[in-house]
Amino acid sequence: MLTIKNKKKEKNSRSFPYSYKKIKINSILLIVERRTYMQTKSISSYDGTKIYYKICGKGKPLIFLHGNAGSPRVFKKQIPLFANFFQLVFMESRDHGRSSNNSTTLNFEQMARDLACICSAENFKTIDLLGYSDGAMIAMWFAHLFPQKVHKMILNAGNITPDGLKVRPRFGATLLYYGLKCLSFIPLTRKYLRIVHLIIVQCGLNWQDLEKISTPSLVIAGENDIIKTAHTKKIAHSIPNSQLVIIPSGNHRMLKTNASLFNKYVLDFLHP
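For the sequence shown, the positions run 18 to 289 when the working numbering is used.
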């Protein structure tokens with residue numbers, strides 16, 4: 018495992034071997050054309066669940082996986098840059114957004130298998146993965162189930178056990194879960210109960226499973242993330258071929274609040 022200790026002065030010290038002028042021009046064009054450029058598609062997953070996803074750009078597929086109760090909109094600051102290098106795919110996870118759920122349960126293995134159905138529909142032989150928060154668990158599950166399909170993987174702010182969360186957010190999620198459980202007689206509440214339940218249960222993989230993941234991985238998180246730094250380091254240590262980046266003063270949403278530095282590390286990893 019290679020550990021990268023990022024310091025604030027590194028923001029200007031590391032070379033960035035890409036043409037910012039060209040990227041800026043392409044980014045402006047992409048923003049102007051976004052409505053027509055981004056295609057919305059859907060597939061019927063392995064159990065008949067309808068899964069929606071958006072796709073844009075050309076090149077090697079890079080799949081973005083959003084977090085708990087989130088949506089692909091969280092990646093809006095990644096689109097202009099990464100669309101210059103990859104075909105971008107944004108899955109709306111099962112039970113999120115427009116995607117349905119034909120099961121009475123919700124877990125990360127199901128969502129990883131949904132992603133496999135998208136790959137089959139698009140005829141993707143190998144993919145790169147960028148998973149944020151719960152999306153990082155989907156990515157790890159996908160690499161566990163389909164190792165031959167993953168070229169490289171970025172895991173941002175994921176945790177495989179509930180105790181990987183700091184005390185306050187874990188306590189808040191537990192309160193929310195039991196509050197929703199009291200209202201489970203309301204049909205719509207059951208969907209959100211399943212979503213929140215993901216926060217307070219083990220993701221289904223153990224540390225030994227991570228040790229078997231051979232995919233080159235970048236494990237990246239903020240110093241002030243809601244995920245414990247020690248837990249992030251343990252994930253990176255457990256995956257044999259991994260790099261670790263901890264961004265000083267970074268928070269759980271640094272892919273938005275410190276997008277330029279986040280994007281720089283990710284693109285350097287994917288496009289050396």
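Glycine included, every Cβ here is placed at the ideal spot set by N, Cα and C.
Residue i - partner residues in DSSP beta bridges
i	result
Leu98	In the DSSP output, where bridge partners are listed per residue, Leu98 has none listed.
Gln104	Pro78
Asn173	Tyr149, Ile237
Ile155	In the DSSP output, where bridge partners are listed per residue, Ile155 has none listed.
Ile144	Val167
The alpha helix (DSSP H) enclosing residue i, as first and last residue numbers
i	result
Lys208	204-214
Asn280	276-287
Tyr70	Looking at the DSSP string, Tyr70 is not in any alpha helix (DSSP H); the run it does join, the beta strand (DSSP E), is 67-73.
Asp226	224-228
Val184	184-198
Phe125	125-139
Integer-rounded CB distance, given that residue j should sit under 8 Å from residue i
i	j	result
Glu109	Tyr69	5 Å
Ile171	Ile237	7 Å
Phe286	Leu235	4 Å
Phe107	Trp158	Rounded, the Cβ-Cβ distance is 18 Å, inconsistent with contact.
Ser255	Leu227	4 Å
Cα-Cα separation, residue i to residue j
i	j	result
Ser117	Ser61	10 Å
Lys246	Val283	Sequence inspection shows Thr at residue 246; the Lys mentioned does not correspond to that position. Distance between the alpha carbons of Thr246 and Val283 is about 19 Å.
Thr66	Asn119	5 Å
His269	Asn85	12 Å
Phe99	Tyr149	16 Å
His214	Phe202	16 Å
Met271	Leu123	27 Å
Trp224	Ile252	8 Å
Ile96	Pro78	13 Å
Residue i - containing beta strand (DSSP E), residue span
i	result
Ser61	56-61
Ser304	It is not possible to answer for residue 304, since the shown part of the chain is limited to 18 through 289.
Cβ-based burial, residue i [other Cβ within 10 Å; buried from 16]
i	result
Leu278	buried
Ser231	exposed
Residue i beta carbon near the ligand GDP (any heavy atom closer than 6 Å)
i	result
Leu82	Ligands displayed in this structure: none; no statement on the ligand GDP is therefore possible.
Any chain D beta carbon closer than 7 Å to residue i
i	result
Asp145	Protein chain content of the structure displayed is limited to a single chain, and chain D is not contained in it.
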